[in-house]
Structures are given as C-alpha cells and as structure tokens.
Amino acid sequence: NTAVQGVNAVSQVVRAVEELDALPEVDVIVVARGGGSVEDLLPFSDEQLIRAVASCRTPVVSAIGHEPDSPLLDLVADLRASTPTDAAKKVVPDVGEELERVQQLRDRALRTVRGILDREERGLAHALGRPAMEHPQRLVDERAAEIDALVGRSRRVLGHLLDRADSELVHTRARVVSLSPAATLERGYAVLQRP
C-alpha cells in the first residue's frame with residue numbers, strides 16, 4: 002500500500018514499483034488508483050515515476066482513474082486498463098471465459114484447416130481429372146505417331162532429293178563425256194600434232 006495522492010505519493014509508488022520489480026516471483030505489477038480530480042492524478046504523470054516504470058523488467062499495468070483519465074503513466078506502461086477493475090480482469094482473466102475462447106479458437110482453426118484441405122482436394126481432383134493425367138501414355142503415343150510421320154516424310158524427301166541428285170549427276174556425266182576430246186576422237190576425228 003502506498004499513498005496515491007499528495008507529496009509522498011510519487012516517492013512511495015516509485016519505491017514500491019522498484020521493490021516489486023526486484024522480486025523474481027512477481028509476474029506483473031499493477032499501479033492502480035480510483036478516479037479523482039486532475040490534481041489528484043498528477044503524481045502518475047511525474048517524471049520520476051515514469052522513468053521507474055519505463056525501466057522495469059516486469060510487465061506493468063496502469064489502471065489510474067476512469068476511462069477518460071490519461072496520466073503519462075498510461076503511455077509507458079506495458080498495458081493500460083481503463084479502471085482498476087478492468088486491470089484485475091485483464092491480469093487474472095476468468096478461467097471459464099478463457100477456456101471458452103480457446104475452444105472457439107480451436108474450432109475456428111479446425112474449420113480453417115478443413116476448408117484449406119477441402120479446397121486442395123478439389124484442386125487435386127480437378128488436376129487428376131484432366132485427360133493428360135487420366136491417360137498420360139496417350140500423349141506419349143500421340144507424340145510417337147507424330148515423330149514416326151515426320152521420320153517417314155523426311156526419308157521420302159531425302160530419297161527424292163537423292164534420286165534427283167543422282168539423275169542430275171548422270172546427265173552431267175553424260176554431257177561431260179560427250180563433250181570431252183576423247184569422245185570427239187572416237188567419232189573419227191583426228192588431232193594432228195606433226196606437220
């Protein structure tokens with residue numbers, strides 16, 4: 002217990018906060034005071050108290066006055082409660098309410114996971130229902146047939162090109178032979194080399 006207004010309030014509250022912060026078994030510190038005039042709440046805007054609360058390692062809850070009251074302590078505390086009663090509810094919640102909230106969160110998480118699983122199952126079923134997935138060998142067979150057709154066509158074209166080249170070669174050889182000097186001599190002509 003400390004003074005919560007007057008000249009001794011700041012030093013007593015600072016000392017109490019520092020003592021509680023030094024105890025390892027303390028889980029949370031609640032600085033609480035009921036409502037009052039602005040002058041009554043001035044100690045909770047004092048720089049010394051603000052610095053002491055800001056340096057605490059233990060979480061601090063500010064529960065000063067009523068909802069509209071806002072001393073500077075509210076700005077540095079880890080949690081602001083609108084009233085001392087609100088601070089008690091926030092620091093020590095009702096077990097039944099918390100268990101109900103946990104159950105609601107579990108139910109919501111379960112619905113979310115089920116929704117994701119259902120969506121993914123539908124997507125998988127849709128993907129597996131595609132013709133390419135139902136009969137994957139058919140694609141390979143179609144491509145093999147296309148390859149066979151292209152190979153046959155390329156062989157025919159190449160054979161045709163080779164036949165034409167052979168024919169051109171025969172004609173060219175015949176012209177070369179018929180125009181050669183040896184062919185002219187065979188037809189009865191002579192080449193005189195001595196006078």
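Residue numbers (my numbering): 2 to 196. Even for Gly, the Cβ is constructed at its ideal location relative to N, Cα and C.
Check whether residue i and residue j have beta carbons under 8 Å apart
i	j	result
Ala133	Leu140	yes
Leu42	Ile65	yes
Ala184	Val192	no
Glu19	Ala53	yes
Ser45	Pro25	The sequence given here has Phe at residue 45, not Ser. No, they are not a contact pair.
Val15	Gln49	yes
Asp75	Pro60	no
Asp22	Arg58	yes
Val11	Asp47	yes
Val29	Val62	yes
Those residues which DSSP pairs with residue i across a bridge
i	result
Ser63	Val32 and Arg81
Terminal residues of the alpha helix (DSSP H) in which residue i lies
i	result
Asp149	Pro137 to Leu180
Ala10	Ala10 to Ala23
Val237	As displayed, the chain neither begins before 2 nor continues past 196, which places residue 237 out of reach and without an answer.
Thr113	Val96 to Leu129
Arg52	Glu48 to Ala55
Residue-chain proximity (residue i, chain B), Cβ-Cβ < 8 Å
i	result
Leu140	No chain B is present in this structure, which holds just one protein chain.
Are three or more beta carbon pairs between the segment 4-18 and the segment 30-40 nearer than 8 Å? Counting C-beta pairs with one atom in each stretch, the segment 4-18 and the segment 30-40 have three or more that are closer than 8 Å, which means they touch.
Are the segment 111-119 and the segment 81-97 touching by the rule of at least three beta carbon pairs closer than 8 Å? no
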